[in-house]
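Asker: Dropping a structure here in structure tokens format, bear with me for questions.
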Amino acid sequence: ERGYGIPANRFALYEEAVEVLLEKWDKYRFIVRDATKLTKNKKIDFLGTLAYEGFSKLIKAFRWRTWELEESVRKILQRSSQYNVETIDDDCRDEVKAIESHHGILEEVGQGEYAFSNPGFQEYFTATYIVRQRDMELLNSVVERHLTDCRWESIFLLIAEKLYEADEFLVQMFKVANQ
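Residue numbers for the sequence shown follow our numbering, so the first one is 21 and each next one is one higher.
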């Protein structure tokens with residue numbers, strides 16, 4: 021409707037979808053919401069950390085209790101200038117509800133349990149977290165620990181699509197595969 025084409029790779033497709041859900045959707049519908057304490061980048065950091073930690077556990081986490089989400093938000097808010105010890109509990113609760121109700125990336129799937137609305141979002145945010153760290157040790161560690169885990173296949177593809185130069189990443193994958 022807006023004249024956009026479909027992006028050439030999956031990472032770009034998810035990136036555009038997240039952009040639409042976090043910002044453009046409300047603008048297109050002329051909805052003005054009260055400002056929240058988490059900026060778009062902090063929401064991406066929050067969702068990336070959540071997704072990465074969920075995928076990195078021995079028993080993968082695809083659902084989180086409300087208090088776990090609020091604790092993750094608390095860690096981000098405590099590092100920001102908007103941290104207020106008196107309102108932090110309410111702020112955390114409000115942020116989780118806002119992410120669920122305004123953006124549709126997380127959804128309540130049970131009484132006090134949340135999950136990504138689409139498994140692809142968890143994969144995308146996991147890849148985003150890894151790439152944003154700009155840490156070759158982390159990248160190598162992820163390859164060594166998860167290369168043979170079929171649940172990480174899409175994440176590896178997304179990482180390769182996002183990296184400016186994926187040569188070292190692909191070489192590391194080849195080394196681990198040969199071992």
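Positions of the beta carbon are idealized from the N, C-alpha and C atoms, including for glycine.
Which residue marks the beginning of the beta strand (DSSP E) containing residue 133, and which one marks its end?
Answerer: 133-136
Asker: Which residue spans inside the stretch 76-127 form an unbroken alpha helix (DSSP H) run of at least 4?
Answerer: 86-98 and 108-118
Asker: Look at residue 30 and residue 167 and say whether their C-beta atoms are less than 8 angstroms apart.
Answerer: no
Asker: Terminal residues of the continuous alpha helix (DSSP H) containing residue 274?
Answerer: Limits of the chain in this structure are 21 at one end and 199 at the other, which puts residue 274 out of reach.
Asker: Which residues in the same chain have their Cβ closer than 6 angstroms to the Cβ of residue 112, if we skip the five residues on either side of it in sequence?
Answerer: 90, 93 and 94
Asker: Below 8 angstroms between beta carbons: does that hold for residue 68 and residue 149?
Answerer: yes
Asker: Buried or exposed: residue 197, going by 16 or more other Cβ atoms within 10 Å of its Cβ?
Answerer: exposed
Asker: Flag this pair as touching only if the stretch 65-85 and the stretch 123-143 have three or more C-beta atom pairs under 8 angstroms; answer yes or no.
Answerer: yes
Asker: What do you reckon, are the CB atoms on residue 86 and residue 116 nearer than 8 angstroms?
Answerer: yes
Asker: Please go through the same chain and pick out, in chain order, the residues whose beta-carbon is closer than 6 angstroms to the beta-carbon of residue 129, but skip the five residues on each side of it.
Answerer: 135
Asker: Please name the residue, chosen from 56, 63 and 88, that lies closest to residue 39 on a Cα-to-Cα basis.
Answerer: 63
Asker: Are the Cβ atoms of residue 60 and residue 42 separated by less than 8 angstroms?
Answerer: yes
Asker: Are the stretch 156-165 and the stretch 117-128 touching, with three or more C-beta to C-beta distances below 8 angstroms?
Answerer: no
Asker: Smallest Cα separation from residue 58: which of 114, 70 and 34?
Answerer: 114
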